[in-house]
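Heads up, the thing below is written out as structure tokens.
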Amino acid sequence: MSYTLIIAEKPSAAERIAKALDENGKPEVYEENGVRYYKATRDKTKLVIVPAIGHLFSVSQKGGGWTYPVFNVEWVATYRVNKRASNTKHFIDLISKLAKDADSFISATDFDIEGSQIAYNILKYACGTESLSKAKRMKFSALTKDELVNAYYSLSQTLDWGLIEAGRARHEIDWIYGINLSRALMTSLKNVAGKYHTLSTGRVQGPTLSFIARREREIKSFVPKPYWTISAQAEINGGLYVLQYEKGKILTKSEAEKVVEECSGQVGIITDVSSSERTLSPPPPFDISSLQSEAYSLFGYTPSRTMAIAERLYLAALISYPRTGSQKFPPSIDLLSILRQLREHERYTRIVECILSRGKLSPTEGKKEDPAHPPIHPTGTLPEEKLSPEEEKLFDLIVRRFLAVFGPPSIRESIKVTIAVSSHIFHLRGMKTKVAGWQEAYEPYVRTEEIEIPPVREGEQVKIVNVNLEEKYTAPPPRYNPNSLLKLMEANQIGTKATRADIIETLYERRYITGRQIEITDLGLSVINVLSAYCPRVLSVDLTRELEEAMNQIESQKKTRQEVIVDAIEKLTPILEDFKRKEKEIGEALREALFKIQQKQFSLGKCPLCGGELKIIRSRKSRKRFVGCLNYWSGTCNFSAPLPQAGILEPTGKTCPNCGFPTLLVRRPRRRPQELCVNWQKCQGAK
Amino acid sequence: MSGKCPICGERTSRNGSYCENHQLAYENLKKQYQYWKDALQISWQEYLQKIMENKNTGQWAKEVAKDLIEKQKN
Ligand SMILES: [Zn+2]
Chain V
1 MSYTLIIAEK PSAAERIAKA LDENGKPEVY EENGVRYYKA TRDKTKLVIV PAIGHLFSVS
61 QKGGGWTYPV FNVEWVATYR VNKRASNTKH FIDLISKLAK DADSFISATD FDIEGSQIAY
121 NILKYACGTE SLSKAKRMKF SALTKDELVN AYYSLSQTLD WGLIEAGRAR HEIDWIYGIN
181 LSRALMTSLK NVAGKYHTLS TGRVQGPTLS FIARREREIK SFVPKPYWTI SAQAEINGGL
241 YVLQYEKGKI LTKSEAEKVV EECSGQVGII TDVSSSERTL SPPPPFDISS LQSEAYSLFG
301 YTPSRTMAIA ERLYLAALIS YPRTGSQKFP PSIDLLSILR QLREHERYTR IVECILSRGK
361 LSPTEGKKED PAHPPIHPTG TLPEEKLSPE EEKLFDLIVR RFLAVFGPPS IRESIKVTIA
421 VSSHIFHLRG MKTKVAGWQE AYEPYVRTEE IEIPPVREGE QVKIVNVNLE EKYTAPPPRY
481 NPNSLLKLME ANQIGTKATR ADIIETLYER RYITGRQIEI TDLGLSVINV LSAYCPRVLS
541 VDLTRELEEA MNQIESQKKT RQEVIVDAIE KLTPILEDFK RKEKEIGEAL REALFKIQQK
601 QFSLGKCPLC GGELKIIRSR KSRKRFVGCL NYWSGTCNFS APLPQAGILE PTGKTCPNCG
661 FPTLLVRRPR RRPQELCVNW QKCQGAK
Chain F
688 MSGKCPICGE RTSRNGSYCE NHQLAYENLK KQYQYWKDAL QISWQEYLQK IMENKNTGQW
748 AKEVAKDLIE KQKN
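The following block contains the structure:
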């Protein structure tokens, strides 16, 4: 008997869709090779719901040969090209089997470029090309029952070709750029060094890494400037308060000292008390990048971690689809109903009642729009199971942000007291919230400061208890962190909201960058230096952005996939030709850079026992690494010590203050780097 | 003529006696001296010493300051 085959993006999404669409809410569950699928009935139509598990098909090279340039691509089953994806075979096998008896198809993957493309590939390669014309598209922004049923009754009659073609182009172009540039790097090195060393770069990776390199250069070549700040402690109404000198920065020491001298021990007089009010509108609802940014500053979650948590909340039907760029609620969303459901949660009852009591709902809006999905918001569904602490935190943040957007403005008052001390002016500043407004809903996440000051009046005298002078220095620009880097990529329009966080993770995995406060590694810097010397175009933001724009035009069907790919290849070809021409020089430069890195990685500095050289050595027998003195070979020194086997070891160039031996930084993924004295077994300070 | 940077051994940049990185730091050192001179009435030597000890100074700038101090000694 025939049926409609519905393709979901993930197993948990398939389960939700099946339960929502089955008239009795009880679809039959089947399992094959560990993959669950469902049979449901609605309006006498038989439905079979089957999950994918992300991308079941990937871009690969058509024809063999490890060479470049390669422009011939084909789509193949992911498990054929990626050993780690071996489980995807079971999904493909099951879908192919179920497709045989299906008379129509529904693509019910996430409604965006990736989702549309996942379903397209499955239809084309697992269900057969003819399935494409029999397929409809189900579009939803949350996995709640109502939304899914509505989506089922308002199917698009064809697939979303704009998104599909844009998705295919993106994957193909990224593959072509990545494979060619990486092979070019590796080939050039291999030709001079005689062996392979894994190196890579990509269309978005290169420019992103070059942002970090530029910042590193600014920091490493930074020369600070001195300046001075002055504050005074004053006694007012029996309490002590800190006053700030009217000039924030004083540029010469003599001027600063003069102020201190003239004000110390004086009595000041209040010459003015003024206050001003500032109205703060509620923040706009969350799109993915503002959620990632907020979660980073509040909880320290990296953008990729926030994305993963949000994804889980979405699959649990607690929040709407997180990969959205929208900050405006479309009228189709039943805000009132969501609020009423949230009211059932004890934690939000009072705030919701307050919102409902004010009558008409008018949420604030941000500037960004995304026709595919609304801003991230709670669906109203409350958690059925206990959430993990991080899910709990993110969920609460999303709910409170949603509630805050309905709030009235908050009003802050700032008070400035001006105090004349001899011929100088100081200020005392106070801040307080007069009307909490939306901040009441967002309370735990509000970062405003309340500074209390005593009641004062003009003409009042204040005693200056002491005057403090501080010498300060200008600081280098801060290192990027995963959050600020993501924002920078967004501002430069490179990558997409779905891919940026992953690209940053890739840079960590390739060991091009390290640390939460991102530092470029010697390896990362070498790759950037070589590329910027020999083919700077690869690092250019312009090239990446041009391609990005072209791909967006496929989405809006102003350009075809073929046109954009041909254009991308035309842009890449001269770069690769240029690379080929300079292959020898590039190879030499890379070899030299890698050789230096190795030297640096293994050499620790002077041995305090004999003055010889300490090195990190790998034992031939056990393959374990340890520290040894090179004078061991001449029999004059026998210092050696074991080292941690996990993580990256990096000589610091410093010595231990306790014993004078060199120190190392031990870097492990997702942990704070640890400084280790190589003499840790005997060093007193190491305990 | 292309020589080697006395600090790191890299090829020297076109317009200086240091490599590109250290030359950049050297230019910054020269540029900022006027601020320190105005602020503290100090000599170039005293300035280099302060820069070398300052925690905000970048690594390359420290290395150049150290190199300049040592050159002066010899
Ligand atoms: Zn140098």
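These protein sequences, in sequence, are chains V and F.
Going by the working numbering, 118 is the number at position 118 of the first sequence; the sequence numbering is gapless.
Going by the working numbering, 702 is the number at position 15 of the second sequence; the sequence numbering is gapless.
The beta carbon of each residue, even a glycine, is placed where N, CA and C say it ideally should be.
What's the call for F595 of chain V, buried or exposed, on a 16-neighbour Cβ count within 10 Å? F595 of chain V should be labelled exposed.
Selection from V:P478, V:R312, V:D522 that minimises the alpha carbon distance to L590 of chain V: Ranking the options by Cα distance to L590 of chain V, first place goes to V:D522.
According to the neighbour-count rule (16 or more other Cβ atoms, all chains shown, within 10 Å of its Cβ), is T349 of chain V buried or exposed? So T349 of chain V ends up on the exposed side.
Euclidean distance between Cα positions of Q601 of chain V and F626 of chain V: Rounded to whole angstroms, the separation of the alpha carbons of F626 of chain V and Q601 of chain V is 13 angstroms.
Nearest to S357 of chain V by CA position, among V:F329, V:K39, V:R340, V:Y512, is which residue? For S357 of chain V, the nearest C-alpha among the options comes from V:R340.
Classify H197 of chain V as buried or exposed, calling it buried when 16 or more other Cβ atoms lie within 10 Å of its own Cβ. Its Cβ having fewer than 16 others within 10 Å, H197 of chain V is exposed.
Is A234 of chain V helix, strand or coil when you go by DSSP? Residue state, collapsed to three classes: strand.
In the DSSP output, which residue or residues are listed as bridge partners for S58 of chain V? According to DSSP, S58 of chain V bridges with V:V76.
Check distances from the C-beta atoms of the region 511 to 529 of chain V to those of chain F and list, in chain order, the residues that come in under 8 angstroms. Going along the region 511 to 529 of chain V in chain order, one finds no residue with a Cβ nearer than 8 angstroms to chain F.
How do the region 381 to 391 of chain V and the region 329 to 336 of chain V stand: do at least 3 beta-carbon pairs fall below 8 angstroms, yes or no? At 8 angstroms Cβ cutoff, the stretches do not touch.
For P409 of chain V, does the three-state DSSP call read helix, strand or coil? Coil.
Report yes or no: is there a C-beta of chain F within less than 8 angstroms of the C-beta of T652 of chain V? It does not: the Cβ of T652 of chain V has no partner Cβ on chain F nearer than 8 angstroms.
Looking at the C-beta of T699 of chain F, does it have a partner C-beta in chain V at a distance below 8 angstroms? No, T699 of chain F lies away from the interface with chain V (no Cβ there is under 8 angstroms from its Cβ).
Distance, E675 of chain V Cα to R623 of chain V Cα: The straight-line gap from Cα to Cα measures roughly 23 angstroms.
Residues of chain F with CB under 7 angstroms from A475 of chain V, in chain order? Residues of chain F passing the Cβ test: N743.
So is W731 of chain F in contact with chain V if we call contact Cβ pairs under 8 angstroms? It does not: the Cβ of W731 of chain F has no partner Cβ on chain V nearer than 8 angstroms.
Residues in the same chain with beta-carbon distance under 7 angstroms from C692 of chain F, minus the five sequence neighbours each way, listed in chain order, please. Around C692 of chain F: T699, Y705, C706, H709.
Which listed residue (V:N552, V:L199, V:I95, V:R42) has its alpha carbon closest to that of G162 of chain V: The shortest CA-to-CA distance from G162 of chain V to any of V:N552, V:L199, V:I95, V:R42 is the one to V:N552.
Between the alpha carbons of I319 of chain V and T144 of chain V, how many angstroms are there, rounded? Each residue's alpha carbon lies about 9 angstroms from the other.
Note down, one range per segment and in chain order, each beta strand (DSSP E) of at least 3 residues found wholly within the region 94 to 152 of chain V. Fully enclosed beta strand (DSSP E) runs of 3 or longer: 102 to 108, 135 to 137.
Residue span of the beta strand (DSSP E) that contains A404 of chain V, given as start and end: Taken as a continuous stretch (DSSP letters only), A404 of chain V belongs to no beta strand (DSSP E), being part of the alpha helix (DSSP H) at 389 to 404.
Rounded to a whole number of angstroms, what is the C-alpha to C-alpha distance between W633 of chain V and V678 of chain V? Between W633 of chain V and V678 of chain V, the C-alpha separation is close to 19 angstroms.
Do the CB positions of R479 of chain V and I451 of chain V come within less than 8 angstroms of each other? Not in contact: R479 of chain V and I451 of chain V (Cβ atoms no closer than 8 angstroms).
Using a Cβ-Cβ cut-off of 6 angstroms (strictly less than) and excluding sequence neighbours within five positions of Q681 of chain V, which residues of its own chain qualify? For Q681 of chain V, where only same-chain residues beyond five positions count, the Cβ hits under 6 angstroms are A641.
Excluding the five sequence neighbours on either side, which residues of its own chain have a C-beta within less than 6 angstroms of the C-beta of C629 of chain V, listed in chain order? Spatial neighbours of C629 of chain V in its own chain (CB-CB distance under 6 angstroms, excluding positions within 5 residues in sequence) are listed in chain order as C607, G612, L614, C637, F639.
Is there a Cβ of chain V sitting closer than 8 angstroms to that of Q773 of chain F, yes or no? The requested residue 773 of chain F does not occur in the structure, where chain F is confined to residues 688 to 761.
For my contact list, I398 of chain V and F286 of chain V are in at a C-beta cut-off of 8 angstroms; report their separation, rounded to the angstrom. In this structure I398 of chain V is in contact with F286 of chain V, their Cβ atoms being roughly 7 angstroms apart against a cut-off of 8 angstroms.
Contacting positions in the region 243 to 271 of chain V - beta carbon closer than 7 angstroms to chain F: Per Cβ criterion, the list reads L251, T252, K253.
Excluding the 5 residues flanking E147 of chain V on each side, which residues of the same chain have their C-beta closer than 6 angstroms to its C-beta? Closer than 6 angstroms at the Cβ level, and outside the excluded window around E147 of chain V, lie F140.
Going by the CB atoms, is the gap between L716 of chain F and I694 of chain F shorter than 8 angstroms? No; because the gap between Cβ atoms is not below 8 angstroms, this pair is not in contact.
Which of the three DSSP states is assigned to L547 of chain V in this structure? Annotated three-state conformation of L547 of chain V is helix, per DSSP.
CA-to-CA distance, D334 of chain V to D93 of chain V, given in whole angstroms: Going from the Cα of D93 of chain V to the Cα of D334 of chain V covers about 40 angstroms.
How about E585 of chain V: is its C-beta nearer than 8 angstroms to some C-beta of chain F? For E585 of chain V, the answer is no, since every Cβ of chain F falls outside 8 angstroms of its Cβ.
Interface residues of the region 598 to 613 of chain V facing chain F [CB-CB below 7 angstroms]: Residues of the region 598 to 613 of chain V with a C-beta atom less than 7 angstroms from some C-beta of chain F do not occur.
Compare the Cα-Cα distances from I118 of chain V to each of V:A166, V:N150, V:L98 and report the closest residue. When the alpha-carbon of I118 of chain V is set against those of V:A166, V:N150, V:L98, the nearest one is in V:A166.
Which residues have their C-beta within less than 6 angstroms of a heavy atom of ligand 1, listed in chain order? In chain order, the hits are F:C692, F:I694, F:C695, F:E697, F:Y705, F:C706, F:N708, F:H709.
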